[in-house]
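**Student:** Numbering (this note's numbering), first residue to last: 6 to 221. Note that the Cβ used here is the ideal one computed from N, Cα and C, for glycine as well. Quick one: this structure, given as structure tokens, is what I'll be asking you about.
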């Protein structure tokens, strides 16, 4: 890979982080729950408001990076430490996205549902750009890959296990933090879990070839 192609791919990955952050911001503004990978940070941000949602996302991603180091040990590649600055960038983009969408009314269930669906489309678009850039995994995907490598299990199956476990953790945290009340993880989280993957597949069909030509 030439230096020019490498630079293009990392630039595309940064663009991917912007759209992912905006997509998460839209779903959060819908107040029906966020994507599974963001669900724990969302619940924690509702309880501990001294940090922004984006900051809690950054912390969550850094925890997952630490998990990769503990799982892989000597097999952990120093290149993956790039996840740290990229996690900070993703957190910033998420907070910026929340600022951008703050004026959109979300006082009816229909609008809230549309915000979730719009967020899923934008998030799926962003994830697709990251997949095509093919330079580094985000912390959540990298943690799942580490688990799959250690356990010798299929990545797709391990991804499902991780997402379900992360959502269950967010539910438990909500029940503990809010005295048996469920906040931050709702039907929007389930809808995101079901539709984001489909959205990514559709965008890949449309964007893979034209973007590959640009990147070369």
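#1: Since residue 197 and residue 41 should fall inside the 8 Å C-beta cutoff, what is the C-beta to C-beta distance between them, to a whole number of angstroms?
#2: Got a sec? Which residues, its chain only, sit under 6 Å from residue 192 by beta carbon, not counting five neighbours each side?
#3: Rounded to whole angstroms, what is the Cα-Cα separation between residue 157 and residue 149?
#4: Just tell me which of 213, 133, 137, 121 has its CA closest to the CA of residue 189.
#5: Roughly how many angstroms lie between the CA atoms of residue 53 and residue 64, to the nearest whole one?
#6: Judging by CA-CA distance, which residue of 31, 136, 20, 139 is the nearest neighbour of residue 109?
#7: Run through the stretch 6–40 for me and flag every whole alpha helix (DSSP H) of 4 or more residues, listed as ranges in chain order.
#8: Taking residue 163 and residue 95 to be in contact with their CB atoms under 8 Å, please state how far apart those CB atoms are, rounded to whole angstroms.
#9: Which residue's Cα is closest to the Cα of residue 73: 132, 19, 147, 168?
#10: Check whether the stretch 200–208 touches the stretch 123–133, counting contact only when three or more Cβ pairs, one atom from each stretch, lie closer than 8 Å.
#11: Terminal residues of the continuous alpha helix (DSSP H) containing residue 66?
#12: Is the number of C-beta pairs between the stretch 43–60 and the stretch 9–25 that are closer than 8 Å three or more?
#13: Return helix, strand or coil for residue 114, following the three-state DSSP convention.
#14: Select from 181, 115, 187, 101 the residue whose C-alpha is nearest the C-alpha of residue 29.
#15: Sort 168, 177, 215, 175 by Cα distance to residue 201 and report the nearest one.
**Tutor:** On the basis of the supplied data:
#1: 7 Å
#2: 37
#3: 12 Å
#4: 121
#5: When rounded, the distance between both Cα atoms is 13 Å.
#6: Among 31, 136, 20, 139, the Cα nearest to that of residue 109 is on 31.
#7: 8–34
#8: At roughly 22 Å, the Cβ-Cβ gap does not stay under 8 Å, so residue 163 and residue 95 are not in contact.
#9: 147
#10: yes
#11: 58–77
#12: no
#13: Helix.
#14: When 181, 115, 187, 101 are compared, the shortest CA-CA separation from residue 29 is found for 101.
#15: 168
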